[in-house]
Amino acid sequence: MTQEPANAIDAKAIAFLARLDNAPQTEIVRAELETWLAEDPRHRGAFLRAEAAFAHLDRLAILPVELSRPAFVSRRGLLIAGAGASALAASAVGLALWLPTRNLIATPIGEIRRVPLNDGSVVAVNTNSELGVDLKDNLRQLTLDKGEVWFDVAKDGKRPFVVAAGQVRVMAVGTAFSVRRRDDGADVLVTEGVVAAWANGDVLNKVLVEAGSKVFVSDIAGPSRVTAAAHQIDRTLAWRNGQIALDGMSLGAAAAEFNRYNTRQLTIDPALADKRLVGWFHTNEPETFAKAAAATLGVALTENQDEIHLAP
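If you're matching positions, the sequence shown starts at 875 in this note's numbering and goes up one per residue.
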């Protein structure tokens, strides 16, 4: 009989933790968990490790002062050194240098980059994005200043992987997920494993997001309800292959997506903005999309050097 891989056990343990955090029928989930724990002694150890990892988030909330952004990411160092005030001070001082020493990955309009990191992780950086990277011995801290990034995180239980996007925070150990920065928060979509998401300063209001799910986290209000998105993942992340997938997307929303990747902008007459389209297109071919939309909807297409316009 083939022995269950350790990474599969860890993933299952985290999935159970996420279900307990979100499930309306908690007793049913607990019964399933107890059955799983009894199947193999390694299951209980994996679950205890998962609980300990996410307990770091809750412990931060009891500190007597509101931590600044550099100090926020010091919680792992604090927990390793001990919970005393001297440990907090030492940790905060060490992380105060984080912002000026980080590495920056930036993409101009139209560029999509896939970048391997020194820890074995890989990031796919979408158009017009800026990502700060700071990999420390006890923490991997990344800051999404703007745009969108998909993270394929190398497993390292000693170094949590934390993404900051405005006031939004997302933590993982070994998983895959995307973060898209919005004006008032960030979209988080998980493709593998589980992540924790919350608004800075409100860690008790965190949510656990499993693979195939998504959540919007507001800078002010924190996470909204986690929703299933398994059928949408390939379409939402089609940009990683240089594509835009339209599955009933409105013409106005589709134009906004194309405009993220191109300096030549699509403009849509308000009378057409709510029309729906289906199809896959390359991000750098707004002309192809506009011609297809014009032919499908029977509308007029006009264009110049800077603009492509659709109107009735």
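Beta carbons are placed, not taken as given, at the ideal position from N, Cα and C, and that holds for glycine.
Can you round the beta-carbon distance between W1072 and V1100 to whole angstroms, since I take them to be within the 8 Å contact cut?
-> That belief does not hold up - the Cβ atoms of W1072 and V1100 are roughly 12 Å apart, past 8 Å.
To the nearest whole angstrom, what separates the beta carbons of T1017 and T1001, a pair I think is in contact under 8 Å?
-> Contact flag wrong, Cβ pair sits at about 18 Å.
Run of the alpha helix (DSSP H) containing T1001, from where it starts to where it stops | Looking at the DSSP string, T1001 is not in any alpha helix (DSSP H), and its letter there is neither H nor E.
In three-state terms, what does DSSP make of R1033?
-> In the structure shown, R1033 falls within a coil segment according to DSSP collapsed to helix, strand and coil.
How is the beta strand (DSSP E) around V1152 delimited, first residue to last?
-> Element bounds for V1152: R1150 to H1156.
Take R1054 and list the residues in its own chain whose beta-carbon comes closer than 7 Å to its own, dropping the five residues that flank it on each side.
-> Around R1054: E1022, A1060 and D1061.
In chain order, what residues of the same chain lie with their CB nearer than 8 Å to the CB of T975, ignoring the 5 residues before and after it?
-> With a pLDDT of 48 at T975, under the threshold of 50, the modelled position of that residue is not reliable, and no figure is offered here.
Per DSSP, cross-strand counterpart(s) of A1115 = Per the sequence shown, the amino acid found at residue 1115 is Asn instead of Ala. According to DSSP, residue pairing for N1115 in a beta bridge does not occur.
Since T1137 and E1181 are thought to touch, with beta carbons under 8 Å apart, how far apart are those beta carbons, to the nearest angstrom?
-> Contact doesn't hold; Cβ gap of about 10 Å is too wide.
Note the first and the last residue of the continuous alpha helix (DSSP H) segment covering K1165.
-> Looking at the DSSP string, the run of the alpha helix (DSSP H) that includes K1165 is P1160 to L1171.
Element boundaries [beta strand (DSSP E), containing T1176] | First-last of the beta strand (DSSP E) with T1176: A1174 to E1177.
Do L856 and A1166 have their C-beta atoms closer together than 8 Å?
-> A query on residue 856 cannot be resolved here, the shown segment of the chain reaching from 875 to 1186 and no further.
Candidates V1069, A887, A1147 and V997: which alpha carbon is nearest R1114's?
-> Out of V1069, A887, A1147 and V997, the CA that lies nearest to the CA of R1114 is found in V997.
Proximity to D1143 [Cα-Cα], best of A1112, P1186 and L1111 | The residue from A1112, P1186 and L1111 with its alpha-carbon nearest to that of D1143 is P1186.
The beta strand (DSSP E) spanning L1184 covers which residue range?
-> Element bounds for L1184: E1181 to A1185.
Distance CB(V1047)-CB(K1020) smaller than 8 Å = Using a Cβ distance threshold of 8 Å, V1047 and K1020 do not count as a contacting pair.
Reducing DSSP to helix, strand and coil, say where L902 ends up.
-> Strictly speaking, residue 902 in this sequence is Ile, with Leu absent from that position. Three-state DSSP puts I902 in a helix.
Identify which residue in Q1015, F890 and Q1117 has its Cα closest to the Cα of G837.
-> The chain is shown from 875 up to 1186; residue 837 falls before or after that span and cannot be answered.
Report the residue from I986, S1124 and G1153 whose alpha carbon sits nearest the alpha carbon of A1145.
-> Of all alpha-carbon atoms in I986, S1124 and G1153, the one lying nearest the alpha-carbon of A1145 is that of S1124.
N1012: which of A1070, W1024, S1003 and R1033 sits nearest, CA to CA?
-> Of the listed residues, the one whose Cα sits closest to N1012 is R1033.
Please classify T1049: does DSSP put it in a helix, a strand, or coil?
-> T1049: coil per DSSP, three-state reduction.
Buried or exposed: V1089, going by 16 or more other Cβ atoms within 10 Å of its Cβ?
-> Classification of V1089: buried, given that the 10 Å Cβ count is 16 or more.
For the alpha helix (DSSP H) that R1109 lies in, which residues bound it at each end?
-> Where R1109 is concerned, the enclosing alpha helix (DSSP H) starts and stops at I1107 to T1110.
Tell whether a beta-carbon distance below 8 Å holds between A1104 and G1122.
-> No; because the gap between Cβ atoms is not below 8 Å, this pair is not in contact.
Take W1154 and list the residues in its own chain whose beta-carbon comes closer than 6 Å to its own, dropping the five residues that flank it on each side.
-> Take W1154, set aside five residues on each side of it, and the residues of its chain with a beta-carbon closer than 6 Å to its own are Q1117 and A1119, in chain order.
Would you say the beta carbon of A905 comes nearer than 7 Å to a heavy atom of the ligand GDP?
-> The ligand GDP is not among the ligands present in this structure, which contains no ligands whatsoever.
For A882, is the classification buried or exposed, using 16 other Cβ atoms within 10 angstroms of its Cβ as the cut-off for buried?
-> Classification for A882: exposed.
What is the C-beta distance between Q1015 and V1036, in whole angstroms, given that I count them as a contact (C-beta under 8 Å)?
-> Cβ-Cβ separation between Q1015 and V1036: approximately 5 Å, consistent with a contact (criterion under 8 Å).
Which of helix, strand or coil DSSP assigns to T1137 | In the structure shown, the three-state DSSP call for T1137 is coil.
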